[in-house]
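Q: First, the structure itself, so that you have it in front of you.
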Amino acid sequence: MWAASLVYQADIVLTRATALDQLGEEPNSETIAAFLPKVQKAVYQMISVRGM
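With the sequence shown counted from 1, adding 26 to any position gets you my numbering.
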């Protein structure tokens, strides 16, 4: 994971701040496991929109 300031805006999938908003400050493994499919779905949607 790169700092948001080091990548182009179009390449940012998830910022640290967004992850913490969704997961809380100290997420456990169950919280993270439940969140990952949502991130994966978002990435797939972005890839299909970009025509890749």
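Ideal Cβ placement from N, Cα and C applies to all residues, glycine included. The structure displayed is predicted, hence computed values, not measured ones.
1. In this structure, how does DSSP classify P53 when only helix, strand and coil are distinguished?
2. So what does DSSP say about V39, is it helix, strand or coil?
3. Can you tell me the Cα-Cα spacing of K64 and N54, whole angstroms?
4. Going straight from the alpha carbon of V69 to that of V39, what length do you get?
5. If I measure Cβ to Cβ from G50 and keep anything under 8 Å in the same chain, skipping five residues before and after, which residues do I get?
A: Result, derived from the coordinates:
1. coil
2. coil
3. 16 Å
4. 7 Å
5. T57
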